[in-house]
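Same order as they appear, the protein sequences are chains F and R. Following my numbering, the numbering of the first sequence begins with 1 at its first residue and continues without gaps. Following my numbering, the numbering of the second sequence begins with 1001 at its first residue and continues without gaps. We put the CB at the ideal spot given by N, CA and C, even for glycine. The structure presented is a predicted model; accordingly, all values stated were derived computationally and were not measured.
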Amino acid sequence: MAKPRQGPRGSIAIVAHTHPSITRGGAEIAAYALYEGLKRLGIEAIFLAACLAEDRARFRPASPDEYALITERTRYDDFYTISAPETTRQLLAILAERRCRLVNFHHHINIGLNSFRALAMLTEIPFFVTFHEFTAICANQGQMVTRPARRLCEQATPIACATCFPERPPEQFQLRRHFMLNSLLQAAGYIAPSHFLADRFIAWGLPAAKFSIIENGLRTLPPRRAAVRARTRETPWIVGTFGQITPYKGIDTVLDALDLIADQPVLARRLRLRIHGGLSGQPPDFTARFDTAIATHDFVTYEGPYANDDIFDLMAKCDFVLVPSTWWENSPVVIQEAFATGRPVICTGIGGLAEKVPPGVAGIHFRRNDPADLVRALAEATDARTYNNLCAGLPSPPDKASVAEAYLAAFRQGKKEALLF
Amino acid sequence: MGSGDLPPSRECVPGTTGSSGVTRLRASHDAPGVVLTADLSSHDPPPYRGHIDVIDPTRGVQGWAVNLAAPRNPPQLALLVGSETVAHVTPNRQRDDISDAMSQLVTAGFLFDTETLSRAAAMAASPEDIITVRIAETLFELGTGGPAVRAADLRPTRSLAAATHAPGAAHGAETSVDRLLVIPGFGCMAEGWVLSPQRPVISFRLTIGGVTLTARPDALYRKPRADLLDAYQDAAHLVGEAGFVALFTGDTNPRDAAAPTLHIVFAGGAEASFALPARLPRLLGHTATAADALLFFPALAAESFFPRFAAAAIEADRAAQAPPVPLTLAKTPRIFVQVLPENRNDLFLAFETIATACRENLIDGLAFVAATDTTRAEAPWLLRDLRASHDLPASLFAIAGTDQAFALLPDIIRATGAKRFVFAAAGLFPTLQAHRLAAAYLRGTAKTPIFLGTEPDPFAPPDLHAFPSSRCFGWTGDAFLRWCETAPAFLGGHYRDNLLARATRAPTLCPNTVMVSGPLTPSPIELAVNETIYAAAS
C-alpha cells in the first residue's frame, strides 16, 4: 500500500449510516470498500459510521482511522431523518480534528440531514452524497413500493405518498420533500451506482449536472472467475438465491413457482434450486409456508445463512444466481458478486436490476411477482448454449481501487462545479 | 321545592299514575293512621313507606323506601319475581323530595340495576310472574301506583305492546337520551328518542343541577329513528317521529350537572319524568368542544339561537384555558415564539428549522410552547441540545392545547418581558427567508405589525383567509397587549385570519414565506363562531 499523502489539505471522510462490523448491508459495504480503495491509492481517508448506543460493543474498527458517531434511537426522527444535535457535534469535531477536506456521505439515515446542513453552514468543507436507495424520495424505507399493496411506485408525489400513509397529510410529504431537497442541494455532487437511481433523483429535483454514475465496489474480488461446472446431459442446472430472505427480495415469487415447476417433471428433474440466507425475523406463517415448500419439493433445498467470505465459493457451486427482488433495487452487491464469480443472473426485469443485467447478455429477466414467468426464465436457462453465451457476456465488476479512482474524479469535478457557484 | 309541592313524578313502563306516594308519605308522617297503598291491611300500620318509581328494562328498578321508626337507617329491600327473592339492596341515594317530606335528611333512593332486573325476569318460573320490591324479611310491598309489572313485560317489544294495548295505562312512554351537552350560561342540547303510543308528546323539560329548563319550540326537531324497529317491532307507526333534538335554554351551573332528568310533556299537560345517567352530560370547554354542538344541530350557524350560543362557546373555551406554565423561563427583549407541533416528526423539524436560523444568527431569544404529552416529553432535551450549540435566552412554556396558544400569547409576552416578538403557530415552519424577515423586524424599530404568510396549500380547500394570518406575525409587545384588551375574544387559536390585520394599520405583508405540515383551515364552527363574535363586536 502506498504511503498516505500528508498534504496540507487533510483527509477525505467517508461517512456511512452504519459500520460493516455491525451490519452487512450493501450501502455500508460499498462505503467501506471505497474507504479501503482510497487507502489503497494512498489517499488519506477516514471512515465514520453512525452507531446506535446499544450497538457500541459490536463496533469493531479495523484501524485508528475509523470512528463511530454514537446515536440514540430515541433521539432520532426517521421521517425527516433528523438526528440529535449531539451527532452533528461529534461529526464536526472529528472532521475538524482530522482536518478533513471533503466528506462523502453514503446515506443520510442515522447521520441526519441536519448534519449535512450544519456542515454546509458552519464549515467550508464540501460534501458529496452517494445514494443507495430512495430514502429521500420515499418514506416507505426508500423502496418506492406502495403500501400496503406493494406495487411499484413510479413517482412520489405528496398525494400519492399520503395514500400510502393515510395517517399523514399530503402537506407533510410536501414539507418532507422541501426539507430533504433543500438539505441535499447543499452537496457539491452526487454519486449513484446506477443510471436508474440517478434518473429518479433528477426527476425528483436534484440537478443532473451534479451526478456521477459510479458502480459500487466490492471489498474483495476472487482472483479469477470460477470455471464453468462440468456437466453431462444428466447434470442438473443449479440456481442459487443469496441474501436475507424477506418479502422485498421476492422469495414469495420463488415459493409460488415451486408448484409450477413440480407440474413440469422434465424441468423439475433438470433443476436444483438452492436458497441461501437468513430467515430470522420473518412472520411465523411465512416461515411455515417456506418450510412446507422445502419439504414438499425435492428439487429445492434451504442452505441456511452463510458467511460473506464464502459467497464466491457458494456461487461457484451454482450455474445461475437468481435475484427475484420485488422492489426497484439500485445496484445489488449480489449481482456484482455473481459477475465476479462468473455466473449469469436470472432477475426481475425492473429498475437497477434490469440496468445491471442486460437481458440475453449477462442474464435473463422475468416479470415481477410472476411465478409462471420465472418458470419460463428457468426453463430458458437450462440450455447449454444459452448458458455459454451468457457466461461470455458477463461484465467485470470494478475493484475497489478503480472505484476509488472514479470517485476522486467525481470529487474533483464536483468541487470545480461548486467553485463556479 | 316548597313543602306542599309534589316532587317530579317518576312514571314508567308499564304505565303508572302520576302519584309517587310522597304525598301520602307526608300525610302519614303528619297524621298517623292514614291508609297507604302499600299497606298490607294490618291493624298496626307498618313503620315502612316506599314507592317504585321506575321498572324499566333500560333503567332498572328505581324508587325510594324509608323506615319511619328510624329514618336515618334505610331498610334493606328485596327484589322478587313471583315469590322468589333474586336480589337485595339498601337505599343509598339522597332524595330531596323525600327529605323535604320527612323534614330531615334521609337516604331513601334505591336502584336495582338493569342487569339485576334482567336476571330477575330471566329467572321467572312463568312469564306471568310479578316483579315486586319488598322490605326485606317482611311482607311489606312497595307500590307502583299502576298495573303490576310481569316478567314478560320486561322484554322491550312486549313492554311496548303491553303499554300500547293495556287499558288504563296512562302514558306508557319510553325514552332514551343519547347525548346531552351542557353549555354553561346558555343551556343544554339533548338528542334522543321517545316512543309514546298513547298520547302525543308536545314538549320536553330538562332538570339538571337543580334547575329545570324548557325546550325552545323553535329549536325542537323530530326525526325518524328506524333503528328502534329492531327492538320495537310493534312500533313501526311510531318511529317516524320518535327521534328528537331539543335545546333547553337558561342558566346552568357548570359545576353541578347532578341528577339530570328528562320530563316528557304530553298533550293535555301530563308529564312523565325519566332519570338520566349521571355520566351522560358533557360540558362544553371540558369534555366537549363547540364543534360537538354540530352533532345536535348540523346547521348550527343558521339557528336563531346561534349568536347566544357563540358567546357562550367563547366564554366556555376561555374559562377552560389554564395559563401557560413556564418550564424554563428567560427574559429577553426580542423573542421568536414557536408553538411546537403535536406530531413528533414535525417537532424534530421545528427544532431543526430554528437551529438553522440560529446558525445564520437570525435569532436573539426564543420561546417554545409545548402542548401535548409527547411534545412536553421531547421538548426539554431538544431545547437543551439546541442551547448546547447556540447559547441563547430560551423559554419553554406548557399549555393545554396548541389551539390555545394565540389566546395565551399575552401571558407569554408578559412572562418573557419581550418588547418585540414574532409568533409562529403549531404546524408552521418559517423558511429561512421568513426568519430573515423576522430577525429584521425584531431588530428594527417598526411599530406596525408584520405578517408572514403561508405558502399556498394545494391539498387543502381554498382558504381565502390564509393571508395575512395571525398564525405567523410579529408586533411590539405593548401594542399587542393593548390590542388584546379591546379585541373581541375568539374561539381557539385560529382567528378569522384577517381580523388582526384589519384591526391594525399598514401592516407589512410577506406572503409565501411559511410552510405547513398539514391543513390549517379552521373548522367551520370556529369560523362561524368567530365571525359572529366579530360582527357583534364591530
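Item to check | Cut-off 7 Å between Cβ atoms - residues of its own chain near Asn369 of chain F, not counting five sequence neighbours on either side | outcome: If you number the first sequence from 1, residue 369 of chain F lands on position 369. Closer than 7 Å at the Cβ level, and outside the excluded window around Asn369 of chain F, lie Thr253, Thr326.
Checklist entry - Taking 8 Å as the CB-CB cut-off, is Gly1453 of chain R touching chain F? => result Within the second sequence, numbered from 1, the residue matching residue 1453 of chain R stands at position 453. Output row for Gly1453 of chain R: interface = no.
Next on the checklist: Using the Cβ count rule (16 or more neighbours within 10 Å means buried), how would you classify Ala96 of chain F?
Outcome noted: Walking along the first sequence from the start, residue 96 of chain F turns up at place 96. So Ala96 of chain F ends up on the exposed side.
Checklist entry - From Val361 of chain F to Cys391 of chain F, what distance separates their C-alpha atoms? => result The residue labelled residue 361 of chain F in the question sits at position 361 within the first sequence. The residue labelled residue 391 of chain F in the question sits at position 391 within the first sequence. Across the structure, Val361 of chain F and Cys391 of chain F are spaced so that their CA atoms are roughly 8 Å apart.
Checklist entry - Could one say the Cβ of Phe79 of chain F lies closer than 8 Å to chain R's Cβ atoms, at least one of them? => result What you label residue 79 of chain F is simply residue 79 of the first sequence in a count that begins at 1. Interface residue (Cβ-Cβ distance to chain R less than 8 Å): Phe79 of chain F is classified as such.
Checklist entry - What does Tyr190 of chain F pair with, by DSSP beta-bridge criteria? => result Within the first sequence, numbered from 1, the residue matching residue 190 of chain F stands at position 190. For Tyr190 of chain F, which the question treats as bridged, DSSP gives the partners F:Val129, F:Phe211.
Checklist entry - Are Val11 of chain F and Arg89 of chain F close, meaning C-beta to C-beta below 8 Å? => result The residue labelled residue 11 of chain F in the question sits at position 11 within the first sequence. The residue labelled residue 89 of chain F in the question sits at position 89 within the first sequence. In the sequence on display, residue 11 of chain F carries Ser and not Val. No, these two residues do not count as a Cβ contact at 8 Å.
Checklist entry - CA-CA distance, Arg73 of chain F and Leu1392 of chain R? => result Indexing the first sequence from 1 puts residue 73 of chain F at position 73. Indexing the second sequence from 1 puts residue 1392 of chain R at position 392. Looking at the two C-alpha atoms, the distance is approximately 27 Å.
Checklist entry - Would Leu1284 of chain R be called buried (16 or more neighbouring beta carbons within 10 Å of its own) or exposed? => result Sequence index remark: in the second sequence, residue 1284 of chain R carries index 284 (1-based). With at least 16 other beta carbons inside 10 angstroms of its own, Leu1284 of chain R counts as buried.
Next on the checklist: Out of F:Leu258, F:His106, F:Glu124, which one is the CA nearest neighbour of Leu374 of chain F?
Outcome noted: For the purposes of this step, residue 374 of chain F is taken as the residue at position 374 of the first sequence. Selected option, being the one with the closest Cα: F:Leu258.
Checklist entry - Any beta-carbon of chain F closer than 8 Å to the one on Phe1429 of chain R? => result Along the second sequence, read from residue 1 onward, the residue named residue 1429 of chain R stands at position 429. True, the Cβ-Cβ gap to chain F drops below 8 Å.
Item to check | Proximity of Leu1247 of chain R and Met1189 of chain R at Cβ, strictly below 8 Å | outcome: What you label residue 1247 of chain R is simply residue 247 of the second sequence in a count that begins at 1. What you label residue 1189 of chain R is simply residue 189 of the second sequence in a count that begins at 1. Result yes, Cβ atoms of Leu1247 of chain R and Met1189 of chain R sit closer than 8 Å.
Next on the checklist: Just to confirm my understanding: we take Arg1505 of chain R, look at its own chain, exclude 5 residues before and 5 after, and list those with CB closer than 8 Å. What are they?
Outcome noted: Counting from 1 along the second sequence, the entry for residue 1505 of chain R is found at position 505. Same-chain partners within the cutoff: Thr1448.
Item to check | Residue span of the beta strand (DSSP E) that contains Gln1338 of chain R, given as start and end | outcome: Along the second sequence, read from residue 1 onward, the residue named residue 1338 of chain R stands at position 338. DSSP places Gln1338 of chain R inside the beta strand (DSSP E), whose first and last residues are 1334–1339.
Checklist entry - Would you call the segment 1274–1290 of chain R and the segment 1047–1066 of chain R touching, i.e. three or more CB-CB distances under 8 Å? => result The segment 1047–1066 of chain R and the segment 1274–1290 of chain R touch, with three or more beta-carbon pairs separated by less than 8 Å.
Next on the checklist: According to DSSP, simplified to helix, strand and coil, what is Val1325 of chain R?
Outcome noted: Counting from 1 along the second sequence, the entry for residue 1325 of chain R is found at position 325. Here Val1325 of chain R carries a strand assignment [DSSP, helix/strand/coil].
Checklist entry - Between the C-alpha atoms of Val1061 of chain R and Ile1314 of chain R, what's the straight-line distance to the nearest angstrom? => result As a position in the second sequence, residue 1061 of chain R is number 61, starting the count at 1. As a position in the second sequence, residue 1314 of chain R is number 314, starting the count at 1. Their Cα atoms are separated by approximately 41 Å.
Item to check | Neighbouring residues, chain R, relative to Gln186 of chain F (Cβ below 9 Å) | outcome: Stepping through the first sequence from its first residue, residue 186 of chain F is reached at position 186. Near Gln186 of chain F there are no residues of chain R at all, since even the closest Cβ is about 11 Å away, more than 9 Å.
Checklist entry - What does Ala423 of chain F reach in chain R if we use C-beta pairs closer than 8 Å? => result There is no way to answer for residue 423 of chain F, as the model of chain F reaches only from 1 to 421.
Checklist entry - Which of the three DSSP states, helix, strand or coil, is assigned to Trp327 of chain F? => result Along the first sequence, one-based indexing puts residue 327 of chain F at 327. Assignment of Trp327 of chain F by DSSP, reduced to helix, strand and coil, places it in the coil class.
Checklist entry - Can a CB atom of chain R be found closer than 8 Å to the CB of Ala118 of chain F? => result Sequence index remark: in the first sequence, residue 118 of chain F carries index 118 (1-based). Closer than 8 Å: yes.
Item to check | Residue from F:Lys317, F:Leu34, F:Leu113, F:Phe286 whose Cα sits closest to the Cα of Ala227 of chain F | outcome: As a first step, residue 227 of chain F is located in the first sequence; it is residue number 227 there, counting from the start. By alpha-carbon distance to Ala227 of chain F, the top candidate from F:Lys317, F:Leu34, F:Leu113, F:Phe286 is F:Lys317.
Item to check | Contact set between Arg1359 of chain R and chain F, taken where Cβ atoms lie within less than 9 Å | outcome: The residue given as residue 1359 of chain R occupies position 359 in the second sequence. Chain F residues near Arg1359 of chain R: Arg117, Ala118, Met121, Leu122.
Next on the checklist: Assuming Gly351 of chain F is part of the alpha helix (DSSP H), what are its boundary residues?
Outcome noted: Walking along the first sequence from the start, residue 351 of chain F turns up at place 351. Its alpha helix (DSSP H) spans residues 351–356.
Checklist entry - So what does Glu1084 of chain R bridge to, in DSSP terms? => result Here the question's residue 1084 of chain R lines up with position 84 in the second sequence. Paired residues: R:Val1081.
Next on the checklist: Just list the residues that DSSP pairs Ile1183 of chain R with in beta bridges.
Outcome noted: The residue labelled residue 1183 of chain R in the question sits at position 183 within the second sequence. The secondary-structure analysis by DSSP pairs Ile1183 of chain R across a beta bridge with R:Gly1187.
Next on the checklist: Just to confirm my understanding: we take Leu1527 of chain R, look at its own chain, exclude 5 residues before and 5 after, and list those with CB closer than 6 Å. What are they?
Outcome noted: Against the second sequence, residue 1527 of chain R aligns to sequence position 527. Annotation for Leu1527 of chain R: no residue places its beta carbon closer than 6 Å to its own, counting only its chain and skipping 5 residues before and after.
Item to check | Residues of its chain near Met1123 of chain R, where Cβ-Cβ distance is below 7 Å and the 5 sequence neighbours each way are ignored | outcome: The sequence position of residue 1123 of chain R within the second sequence is 123, counting from 1. Hits under 7 Å: Val1081, Glu1084, Val1086.
Item to check | Ser1118 of chain R (DSSP reduced to helix, strand or coil) | outcome: Here the question's residue 1118 of chain R lines up with position 118 in the second sequence. Ser1118 of chain R falls in the helix class under three-state DSSP.
Next on the checklist: Against chain R, does Asn114 of chain F count as a neighbour if the rule is that its beta carbon must be under 8 Å from one of theirs?
Outcome noted: In the first sequence, the residue the question calls residue 114 of chain F occupies position 114. With 8 Å as the cut-off, Asn114 of chain F counts as an interface residue toward chain R.
Checklist entry - Does the beta carbon of Glu171 of chain F come closer than 8 Å to any beta carbon on chain R? => result In the first sequence, residue 171 of chain F corresponds to position 171, counting from 1. Interface residue, yes.
Checklist entry - For Lys1419 of chain R, which three-state DSSP category applies? => result Your numbering for residue 1419 of chain R matches position 419 in the second sequence. Lys1419 of chain R: coil per DSSP, three-state reduction.
Item to check | Collapsed DSSP secondary structure at Asp263 of chain F in the structure displayed | outcome: Mapped onto the first sequence, residue 263 of chain F falls at position 263. Look at Asp263 of chain F here: in three-state DSSP terms it is coil, with no helix or strand label.
Item to check | Arg117 of chain F burial status per 10 Å Cβ neighbour count (16 or more: buried) | outcome: Here residue 117 of chain F corresponds to residue number 117 of the first sequence, with the count starting at 1. Under this definition Arg117 of chain F is a buried residue.
Checklist entry - Between Val1245 of chain R and Pro1224 of chain R, is the Cβ-Cβ spacing less than 8 Å? => result Here residue 1245 of chain R is taken as the residue at index 245 of the second sequence, counted from 1. Here residue 1224 of chain R is taken as the residue at index 224 of the second sequence, counted from 1. Cβ atoms of Val1245 of chain R and Pro1224 of chain R: not closer than 8 Å.
Checklist entry - Looking only at C-alpha atoms, which of F:Gly42, F:Ala381, F:Pro64, F:Ile70 sits nearest to Ala49 of chain F? => result In the first sequence, the residue the question calls residue 49 of chain F occupies position 49. Comparing Cα positions, the closest option is F:Ile70.
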